[in-house]
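Numbering (UniProt numbering), first residue to last: 1 to 264.
Built from N, CA and C at the ideal position, the CB exists for glycine as well.
Here the structure comes first, spelled out in C-alpha cells, and everything after it is commentary.
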Amino acid sequence: MTAASPFSFSFILKKAQSGNLPSPTFKNPKKMQQRRSYSLSLLLFFFLPCLLLLSFSGFVEAYKNYTVGDSLGWYDNLLKPKANYQKWVAAKNFSLGDFLIFNTDNNHSVVQTYNFTTYKRCDYDNAEEDDTTQWSTVDPSATAPRPVLVAVPLVKEGMTYFFSGDYDGEQCKHGQHFKINVTHGQGLPASLKNPPPESPAPMSSGNSGESAPDTGIPSNFNNPQEGSDVKETSGSVSLPVVVKVLNMKVQGIFVLLGFIWVFG
C-alpha cells in the first residue's frame, strides 16, 4: 500500500480552500417538514371530500310512517278548517314500503285509488276493484263518532290518490283529499310483496265509556313502531347503528390518512 505524498494532501487542501471542490450538502429538516405538511394539505383538500362522500353513501333511508295531517288528523274542512292535506304532502318524499297513518273517526272514511277519474269525482262506487281500496268500512255516524286509526301501506310506484268517500263525496269536496307520488326507494319489504287481503273492518269497543281507537290495519303489517313513532315520521335508521357505522368509517379514513402521512 502506497502512502499519500504531502504534495497530494496540500493540493486537495488548496482546492478545498479555493472552492473548486463540491461542499457536502445537508437536508434541512424544517424544510422537509414544511414540504410534507404542504403535500398532506393538498391530499386532504382533494381526497377528504371524496372519502366523506363515500362514507355517507352507505346509509340508506329506511321505511317511514307518516301521520296524515299530523296533529290535525284526517277530517274535512268543515270540522278542521286548517287542514290542508296537499300542503302537508309538499314537504315529504314517499317511497315503496312506507305507511300512511290516518287518525280519524268512524264518520270519515279512507279511500285509496290509482284512478285519477275516481279521485276527481270523489266517488268510488263505479271504481275498478284492482285500482281502488276502501280501507275503513264502518258505516258513518255523525251522532256517535268514535276514534279510528287506519294504516295504509304504499305498495305501488307512481301517483296515488286518497279521499273520504262518505256522504256522496261531500267530505272529499270539502278538502278531505290529497295525491302523492310514490318512488321506488328501497323497494317493497318482504312482508308487503304479496298482495294484502282485504283490510278488516274496525272492531267496536263495546259499551265502555273511554273507547280505544278502532284500527284498520292489513294483516301483513310488519313495520313495528312504538306508539310515539306512529305519531311522527319515523327516523331513517336507529341512532346506535348510525354512530357505530360512522365511527368505523371515520377510523378507516384516519388510518388511510396515517399511511399518506408516513409514506407520502
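{"Asked": "Residues in the same chain with beta-carbon distance under 7 Å from D105, minus the five sequence neighbours each way, listed in chain order, please.", "Found": "P145, R146, P147 and V148"}
{"Asked": "Which residues share a DSSP beta bridge with P153?", "Found": "F99"}
{"Asked": "Among A83, I101, A90 and D166, whose alpha-carbon lies nearest the alpha-carbon of A151?", "Found": "I101"}
{"Asked": "Give the secondary structure of D168 by DSSP, where H, G and I count as helix, E and B as strand, and everything else as coil.", "Found": "helix"}
{"Asked": "Comparing the C-beta of K156 with each C-beta of chain B, is any distance below 8 Å?", "Found": "The structure shown contains no chain B, having only a single protein chain."}
{"Asked": "Of all the options K64, K179 and E129, which has the alpha carbon lying nearest to the alpha carbon of F116?", "Found": "K179"}
{"Asked": "Quick one: give me the first and last residue of the alpha helix (DSSP H) that T113 is part of.", "Found": "Here T113 belongs to no alpha helix (DSSP H); instead the beta strand (DSSP E) covers V111 to T113."}
{"Asked": "The alpha helix (DSSP H) with Y124 in it runs from where to where?", "Found": "Y124 -> no alpha helix (DSSP H), and no H or E assigned at all."}
{"Asked": "Would P140 pass as a contact of Y167 if the rule is Cβ separation under 8 Å?", "Found": "yes"}
{"Asked": "Would the stretch 63-77 and the stretch 158-177 be scored as touching if the rule is three or more Cβ pairs under 8 Å?", "Found": "yes"}
{"Asked": "In the DSSP assignment, what residue or residues form a beta bridge with Y66?", "Found": "L100"}
{"Asked": "What separation, rounded to the nearest whole angstrom, lies between the Cα atoms of Y161 and Y114?", "Found": "6 Å"}
{"Asked": "Would you report the Cα separation of S205 and H108, rounded to the nearest angstrom?", "Found": "Note that S205 has pLDDT 39, beneath the 50 cutoff, so the model's placement of it is unreliable and no number is given."}
{"Asked": "By Cβ distance, which residues of its chain are closer than 6 Å to K80, with the 5 residues on each side in sequence left out?", "Found": "L72"}
{"Asked": "Just how far apart, CA to CA, sit K85 and Q112?", "Found": "A small fix is needed here, since residue 85 is Tyr in this sequence, not Lys. Between Y85 and Q112, the C-alpha separation is close to 14 Å."}
{"Asked": "Would you call the CB atoms of L154 and F94 closer than 8 Å?", "Found": "yes"}
{"Asked": "Restricting to Cα atoms, I'd like to know which of T118, V138, S136 and K82 is closest to D130.", "Found": "T118"}
{"Asked": "What does Y161 pair with, by DSSP beta-bridge criteria?", "Found": "T113 and K179"}
{"Asked": "Tell me, please, which residues DSSP counts as bridged to Q134.", "Found": "V111"}
{"Asked": "Thinking C-alpha only, which one of G187, E170, L96 and K120 is nearest N181?", "Found": "L96"}
{"Asked": "Are the CB atoms of G187 and D123 nearer to each other than 8 Å?", "Found": "no"}
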